[in-house]
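Structure, as C-alpha cells:
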Amino acid sequence: MRGDNMQDFFKQQTGWLKTWQENQETLTKQYVELSKEWMENILGSKKEEPDFFDGWFKSQSDLTEQFREFSKRLNEMIQSVWSDKVPPDVLKFMNISFFEEFYKNWLSSLELPGGVKNPLGTDGGWQQATKFLRSFLERDHPFFSTFSNTSIAGQMSRVFGMLQGALGQEEGAFGELVSGYLDSFNKLFESTTAQATEKLAEGFDAWAKEMEKHLLAPKLGINRELAHDISQALVMSQKFVQTYIKMARLVEATSRKAGIRFQTKLSELALNKKPVAKFTDLCALWAVENETVFLEVMGSEEFARLQGDFVDAGHRLKIQWNKLAEKALDPTPIALKRDLDLAIAEIHQLKRDMRTFQRVLKEMEKEARAAREAQVAAEDETKKAKAAETAAQDEAKKTKAAEAAAREEAKKAKAAEAAAQDEAKKAKAAVKTAEAAAKDEAKKAKTAEAAVEKLAKQVKADKAASVATTKSKSKNA
Amino acid sequence: MITFPHKFKESLEDFNKFAENLRKGVENLVSLNEMTVAHAEHHKSCGGCRHCRRCCTKKELVYQDGKRKLYRYTQRAEKVCPVPMLIVYAMVNRYTMLDLQPNRSLIRNLLDQGQDVYLIDWGYADRMDRFMTMEDYIDGFINDCVDFIREQHQLEAINLMGVCQGGTFSAVYAALYPEKVKNFIPMVAPVDFDTKDSLLNVWATSFDADLLVDAYGNVPGDMMNGAYMMIQPFSLSVQKYINMVQIMDDAEKLADFLRMEAWIFDSPDQPGETLRQFLKDFYQDNKLVKGEFKLGGRKVELKNITMPVLIIYAEHDTLVPPVSSKALQKHVGSKDVQELAYPVGHIGMFVSGKTQQTLAPKIAEWIKARV
Chain A
1 MRGDNMQDFF KQQTGWLKTW QENQETLTKQ YVELSKEWME NILGSKKEEP DFFDGWFKSQ
61 SDLTEQFREF SKRLNEMIQS VWSDKVPPDV LKFMNISFFE EFYKNWLSSL ELPGGVKNPL
121 GTDGGWQQAT KFLRSFLERD HPFFSTFSNT SIAGQMSRVF GMLQGALGQE EGAFGELVSG
181 YLDSFNKLFE STTAQATEKL AEGFDAWAKE MEKHLLAPKL GINRELAHDI SQALVMSQKF
241 VQTYIKMARL VEATSRKAGI RFQTKLSELA LNKKPVAKFT DLCALWAVEN ETVFLEVMGS
301 EEFARLQGDF VDAGHRLKIQ WNKLAEKALD PTPIALKRDL DLAIAEIHQL KRDMRTFQRV
361 LKEMEKEARA AREAQVAAED ETKKAKAAET AAQDEAKKTK AAEAAAREEA KKAKAAEAAA
421 QDEAKKAKAA VKTAEAAAKD EAKKAKTAEA AVEKLAKQVK ADKAASVATT KSKSKNA
Chain B
478 MITFPHKFKE SLEDFNKFAE NLRKGVENLV SLNEMTVAHA EHHKSCGGCR HCRRCCTKKE
538 LVYQDGKRKL YRYTQRAEKV CPVPMLIVYA MVNRYTMLDL QPNRSLIRNL LDQGQDVYLI
598 DWGYADRMDR FMTMEDYIDG FINDCVDFIR EQHQLEAINL MGVCQGGTFS AVYAALYPEK
658 VKNFIPMVAP VDFDTKDSLL NVWATSFDAD LLVDAYGNVP GDMMNGAYMM IQPFSLSVQK
718 YINMVQIMDD AEKLADFLRM EAWIFDSPDQ PGETLRQFLK DFYQDNKLVK GEFKLGGRKV
778 ELKNITMPVL IIYAEHDTLV PPVSSKALQK HVGSKDVQEL AYPVGHIGMF VSGKTQQTLA
838 PKIAEWIKAR V
C-alpha cells in the first residue's frame, strides 16, 4: 500500500479508532451506572427489575464485542500497514490479538459483591486459562509452533503432494492414506485439552497400525523401499505424538497449578483490601504468577528430558520426511537437497583449501620478500664492500705515495739534518772562530785596556808629575 | 473475585486510559517513518544490516571475505589509543545492539573515550554457510581480521573484545594466538557451560544436537529466538506487550521499543556445523574449561591466555549466567585478571542508563593502564 491509498487507509483507521474510543467511554459510563444500580439492588435499596440484568449483560457484551473488534483491527493494521516499516520477524512475534482474551477475562473478573456470575465468567474467564494458554503457546510461541500443525502437517502435506505427483496417484488408495494421515495430525494439534489429544492419539495409533498392514498392498502402487520409509515415518509420527501428549499434559497441569495460584493471589489481595482491579495490574499478576510456576517446572531436569524427547522426536520425523521428499523427487530432473549439500560441501572445502593456499602463498610471499630483501641487502653490502675495497686500495695507494713522500721527506729531513749538522758544525766552528777571535779581541782589548791603563797610569803619573812641578813652581814662586 | 465499588469505577477509567494509549499508539505507529525504524535499503552507510537505523555510528568497510566484513568506526575523539580494539560479536544476534541509537551505543561511547574500534560483522548465514565450522570463523576470519589490523597499525598485538558467543570465540582465539592479543576483554561471554543457573544450560544437555542440525541444516533464527523467549515465557511474550501499550502514546519511547524489538528478532540463521560444534563441545561436554577442546586439530588451552584480561559480566544475566563468565579467571594463565560487574541483565549491559555512562570509560581506563 503506497501513497494516497495509504493515507486514505490511515485516515479511515484513525477515524474508526476515534469512534471506537468514544464508544468505549460511553459504554464504560453506562457500565458504571449499571454497576451502581446493581449495588443498590444487592443492598436492597432498590427493587430488582427484570430488564436490569439485560442491560447489565448487554453492556458487558457490547464492551467485549467492541474490544474484540478493536483487537482484531489493531492486529490487522499492524500486520498489513506497518509491514513496510517493521521487519516481518517482529510482526510475527508481535501478535497482540491476545489482548482480547485478557480483556474478556478482566471484564468477567470484575464481579460485584453478591457473587452473581456474569455470562462471560461462566463461559470462560480465568477458570479456562489452560485453554487460553495452550492456544497462546501453540499459536504464538515459535518454540512450540515449530512442531505444530502449521509446520509439521504443512511439511507432510508437501511431501505427500510430491509423492502423489511422482507416483501419479492423486486419487485412489494412496490419496486416502495421505488425507487420513493429514486429517489425524491436524485434529491432534487442534485439540485444546490433553485429554482430547490423548483420545485422538489413540485413534491415530489404531489408524497407523492399520495403514502399515496395507502399505504393501498392490493397490497402493508403491515399491517395498518406499513402503518401508513410509512405515518408518508412521512409527516416528506415533513417537512424536506420544511425546507431544506428554508435553501437552505437563503444560496443562502446570497451567492449572498456575491458574490456582493466580486465583489464590487475587483472593488474598482482595481480602487484604488491595484488590487487583486494573486491567494492566491484572495482566501483570497473571504473567508473574504463571511465569513463577512454569519456570519452576521448566528448570527441572525432568522437563529438560521431556523437552529433549519431544524435540528429538520432532527432528527425527522431519529428517524422515526430508528423506521421503528426496525419494519423491529422485526420478525428476530437479536437484535434490543432498546433491546441493554435496555441492555446497565441495565448494566449501575448495574455499577452505583456497584459504589455506592463500595463507601458504602469503607466507611464501613473505618469505620470498624477506629473501629478496636479504639479497638486495647482501648486494648492497657487496657493493659497499667493493667500494670500501676500492677506497681501501686508494687509501693504500695514497698511503704508499704518502710513504714515498714521507721517505722523501725523511731523506730531505736527513739531508736537512746533515746540512743542519754541517751548518751546526760550521756554526760551531764559526762560534769557535768567533770565540777565538773574541778571545783574541778580548786579549787585544785586555792588552788595549792594559795599555790604556798603562797609559792612564802614565797620564796620571804625568799629571801628578805636572802637579808636583806646578806646586813646586808656585812654592818657588 | 470481589471488586470494591469505588475500585470498579477506577478500574474502568484506568482501562479507558489504556484504550486511549492504544489509540494514540496506533496513530504513532502510522506516523513513524523509515528514518526511525527502517529498512536497510534506505541506509547504505550501515553496510547492509537488515534493520539499519539512522543512529548507526559512522563506519568504513575495511576488509571483507564473502558475507563476513570488518568495519572500522570513524574516530570521534582527539586523542586515540595507539592500540586498536577489535570487537567480535556473537553470531546468534546482530552486532547492532552495540550501536542501537545515539544514546544507547557502547561503540559510540568507546570512540568518545579515544578507542580505535574495529568490529566483525558475521552477516546473515545462508545455505552456502551450512558447512562453515568454528575453525573457519575463528582460525579463519577472526585471525585474518587480527592480522589485517596488525599490519595496518604495524603492531605485534591488538586489543580484543568478545561479546557473548563472540567472547567464547575470542577466548579460543586468544588461547591459540596469545602473541597477537595485547589485552583481552570478554563481555557477558559463556566459558564454563556446566551450570544450572540458566535454563538454556539445563535444556541444552537434554537433546540431540546432531538431529537438530541434520533436520534443519542451518538452524533457523526464529527457533533460537523461541528458545530465548522460553527462558521468561510470560514476561517476554505477554507482559512486555502490555507494558508497550502504556508507552505507546509517546512516539519516541515507542520508537525506542520498536528498535529493540527489531534487534531482538533480527536473528540470523545459525550455520549448522558451527552450531553443532558449539552445542556439543561447549554446552554439552564443556570441553573449553576441561582443556579438551580442539580447533583444527590444535588443542585449545585457556592457560595460554597470558595477556591482561578484563571479565565483564551482568549480575542478572539469564542467558549467560555470571558464574559461566567468571569461570574464565580460574583457567587463564594471566596474572592480571580483573572483573567488572553490573547489576543488569544480558541486554541491559549494552542499553541501560548506568552502563551507558560508566562502562566505556572503565574499559578505556583499564586499557590505558596496559598499553
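Keeping their order, the protein sequence lines are chains A and B. Mind the numbering: the first sequence is residues 1 to 477 in my numbering, read in order. Mind the numbering: the second sequence is residues 478 to 848 in my numbering, read in order. All residues carry an ideal CB built from backbone N, CA and C; glycine is no exception.
May I have the straight-line CA-CA distance separating residue i from residue j, to the nearest angstrom?
i: residue 675/B; j: residue 569/B; result: 17 Å
i: residue 756/B; j: residue 270/A; result: 48 Å
i: residue 698/B; j: residue 290/A; result: 26 Å
i: residue 391/A; j: residue 595/B; result: 54 Å
i: residue 382/A; j: residue 393/A; result: 16 Å
i: residue 627/B; j: residue 379/A; result: 30 Å
i: residue 502/B; j: residue 662/B; result: 41 Å
i: residue 318/A; j: residue 679/B; result: 24 Å
i: residue 455/A; j: residue 413/A; result: 57 Å
i: residue 434/A; j: residue 425/A; result: 13 Å
i: residue 407/A; j: residue 389/A; result: 25 Å
i: residue 541/B; j: residue 355/A; result: 13 Å
i: residue 762/B; j: residue 545/B; result: 29 Å
i: residue 650/B; j: residue 260/A; result: 51 Å
Using a Cβ-Cβ cutoff of less than 8 Å, which residues in the same chain neighbour residue i once the five nearest sequence positions on both sides are dropped?
i: residue 326/A; result: 336, 337 and 338
i: residue 499/B; result: 722 and 725
Please name the residue in the options whose C-alpha comes closest to that of residue i.
i: residue 577/B; options: 828/B, 839/B and 624/B; result: 828/B
i: residue 766/B; options: 571/B, 809/B and 786/B; result: 809/B
i: residue 233/A; options: 242/A, 214/A, 223/A and 208/A; result: 208/A
i: residue 584/B; options: 848/B, 846/B and 838/B; result: 838/B
i: residue 312/A; options: 690/B, 667/B, 781/B and 715/B; result: 690/B
i: residue 701/B; options: 567/B, 832/B and 825/B; result: 567/B
i: residue 707/B; options: 295/A, 449/A and 257/A; result: 295/A
i: residue 332/A; options: 276/A, 28/A, 162/A and 275/A; result: 162/A
i: residue 251/A; options: 195/A, 27/A, 377/A and 375/A; result: 195/A
i: residue 631/B; options: 651/B, 657/B and 650/B; result: 657/B
i: residue 781/B; options: 547/B, 799/B and 805/B; result: 805/B
i: residue 300/A; options: 673/B, 613/B and 659/B; result: 673/B
Is the beta carbon of residue j closer than 8 Å to that of residue i?
i: residue 653/B; j: residue 775/B; result: yes
i: residue 615/B; j: residue 772/B; result: yes
i: residue 844/B; j: residue 622/B; result: no
i: residue 687/B; j: residue 753/B; result: yes
i: residue 639/B; j: residue 565/B; result: yes
i: residue 240/A; j: residue 180/A; result: no
i: residue 667/B; j: residue 801/B; result: yes
i: residue 203/A; j: residue 184/A; result: yes
i: residue 24/A; j: residue 66/A; result: yes
i: residue 348/A; j: residue 562/B; result: no
i: residue 740/B; j: residue 611/B; result: no
i: residue 302/A; j: residue 245/A; result: no
i: residue 21/A; j: residue 497/B; result: yes
i: residue 552/B; j: residue 593/B; result: yes
i: residue 797/B; j: residue 665/B; result: yes
i: residue 597/B; j: residue 625/B; result: no
i: residue 206/A; j: residue 716/B; result: no
i: residue 324/A; j: residue 159/A; result: yes
i: residue 316/A; j: residue 247/A; result: no
i: residue 659/B; j: residue 848/B; result: yes
In chain order, what residues of the same chain lie with their CB nearer than 6 Å to the CB of residue i, ignoring the 5 residues before and after it?
i: residue 770/B; result: 758, 764 and 777
i: residue 187/A; result: 200
i: residue 351/A; result: none
Quick one: residues in its chain with C-beta nearer than 7 Å to the C-beta of residue i, no 5 flanking neighbours on either side, listed in chain order?
i: residue 265/A; result: 285 and 289
>> When you compare the region 787–794 of chain B with the region 811–826 of chain B, are there three or more beta-carbon pairs, one atom per stretch, that lie closer than 8 Å?
In response: These segments touch.
>> For the region 533–551 of chain B against the region 574–589 of chain B, do three or more pairs of beta-carbon atoms, one drawn from each stretch, fall closer than 8 Å, so that the two count as touching?
In response: Yes: at least three Cβ pairs fall under 8 Å.
> Pairing CB atoms from the region 307–316 of chain A with CB atoms from the region 265–283 of chain A, are three or more of them under 8 Å?
Replying inline: In short, these stretches do not touch, since the Cβ pair count stays below three.
>> Between the region 679–690 of chain B and the region 644–661 of chain B, can you find at least three pairs of beta-carbon atoms closer than 8 Å?
In response: These segments do not touch.
>> Under 8 Å: do the region 602–612 of chain B and the region 740–748 of chain B share three or more Cβ pairs, one atom per stretch?
In response: Segment contact: the region 602–612 of chain B against the region 740–748 of chain B, three or more CB-CB distances shorter than 8 Å; contact assigned.
>> Could you check whether the region 780–788 of chain B touches the region 799–815 of chain B, counting it as contact only if at least three pairs of C-beta atoms, one from each stretch, sit closer than 8 Å?
In response: Contact holds: three or more Cβ-Cβ distances are below 8 Å.
>> With three or more beta-carbon pairs closer than 8 Å as the criterion, would you say the region 694–713 of chain B touches the region 286–305 of chain A?
In response: Contact holds: three or more Cβ-Cβ distances are below 8 Å.
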